[in-house]
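Per the numbering used here: the sequence shown = residues 1169 to 1481.
Yeah, the Cβ is synthetic: ideal placement off N, Cα and C, and Gly gets one too.
Each remark here refers to the structure printed beneath this line.
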Amino acid sequence: MYDLRQLRRALAEPKLFVRELNRLYHTRLHRRTYNPDGVDVMAADWDNLLILDACRYDAFAARSDLPGTLERRRSRGSMTSEFFKANFDGREMHDTVYVAATPMLYWNRNRGDVDATFHAEINVWRDGWDDEFNTVRPETAAEHAKRAAEEYPDKRLFVHFLQPHFPAIGPTGREHPELNDLRAWDAVNSGRLDLSDTALRRAFVENLDAVLPHVEDLLETLGGKTVVTADHGQMIGERSFPIPFREYGHPPGIYTDELLSVPWLTHTNGSRREVVAEEPEHEPERGDETEPADMNMDSDVVADRLEDLGYKM
């Protein structure tokens, strides 16, 4: 189940050992690959689905004044890869266009972890990457979403923003550049980064505040029924269970309220869309060297960008 490298790392960092014990509890000794009690987002009723990466329900409820009806839902995953596995794997979503600020699906598919197809995929992370903060800014993702809505008027639209996921792009991120120069949550967990929970929460909220105006813009622009939700939440110093130690980030297989409770805001703007399923425009991108050059993304670049977002590749 565990290789020697993983065991050595766990022994060197006791928090990782405790986290793994908690993970064994939550996943029923790894018999669960995701939370089976969460909402199946692709089976839900919507014309547009706006994902705010790592957005906690409580933070959204406190900061958002977006129009619509807000509910609390449970996610199927405590991190993006789990969310994809639980909601995408094995599905042909030929009635949907996926606008992706994150390269995670590309990476998961290339590793063989997720087998999924959309009618079209718009990889904003390819050309819309912000080198100052090592992320895709929310305004960039929103502009691509508007263009996709115009280009595909008879498809469901799935828009995946990166915020409030770190790197921190607000004033606190500028004050503490270490929040976008390294894997902040791992650094806090290991003690390499000494930053208060107050500062971390402030940076998280600033990221959420940065994306909300662009979500509001899409609610006013996109026609039909729109759902605003998250792939998972975020822990910022709360205690995990059953072993109560302070947890940071959004590790896989840890099913706490902070990680699984996500917003589910529903808003309808005008008439519903007439959706038509059609064959994909292109085969899914997998980084295969046999694909045309313009369809192939250097896997090293994808790995670098995921590391910028805090993932160990």
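- Task: With DSSP as the reference, label W1275 as helix, strand or coil.
- Result: helix
- Examine the Cβ distances between the region 1404–1420 and the region 1387–1394 and report whether three or more of them are shorter than 8 Å. no
- Count the other CB atoms within 10 Å of the CB of D1130; is the residue buried (16 or more) or exposed (fewer)? This structure leaves residue 1130 out entirely; the chain is present only between 1169 and 1481.
- Message: Please classify T1285 as buried or exposed, where buried requires at least 16 neighbouring CB atoms within 10 angstroms.
- Response: buried
- When the Cα of E1442 is compared with those of G1401, E1406, D1263, T1270, which residue comes out closest? D1263
- Message: Would V1265 and F1326 qualify as a contact pair, given that the criterion is a beta-carbon distance under 8 Å?
- Response: yes
- Task: Starting from L1325, follow its DSSP beta bridges and name the residues at the other end.
- Result: N1216, V1265
- Under the three-state DSSP convention, the category T1434 falls into: strand
- Backbone CA spacing between S1150 and H1400 [nearest angstrom]: Nothing can be reported for residue 1150, as the shown portion of the chain is limited to 1169 through 1481.
- Task: On the DSSP bridge assignment, give the partners of Y1416 in chain order.
- Result: I1404
- Message: For the alpha helix (DSSP H) containing F1512, name the first residue and the last one.
- Response: The question about residue 1512 has no answer here: the residues shown for the chain are numbered 1169 through 1481.
- Task: Grab me the residues of S1243's own chain with a C-beta within less than 6 Å of its C-beta, minus the 5 sequence neighbours each way, in chain order.
- Result: G1206, H1400, L1428, V1430
- Item | Straight-line Cα distance separating K1183 from N1357 | 7 Å
- Query: Hey, is the region 1363–1379 in contact with the region 1222–1236, meaning 3+ C-beta pairs nearer than 8 Å?
  - Reply: yes
- Message: Helix, strand or coil, according to DSSP, for L1184 in the structure here?
- Response: helix
- If you compare alpha carbons, which of G1341, V1395, L1189 is closest to R1241? V1395
- For D1257, collect the residues of the same chain with a Cβ closer than 7 Å to its Cβ; drop the 5 residues on either side in sequence, then sort them by chain order. V1282, D1283, A1284
- Please classify D1476: is it buried, with 16 or more other beta-carbons within 10 angstroms of its beta-carbon, or exposed? buried
- Item | Exposure label - T1366; buried when at least 16 CB within 10 Å | exposed
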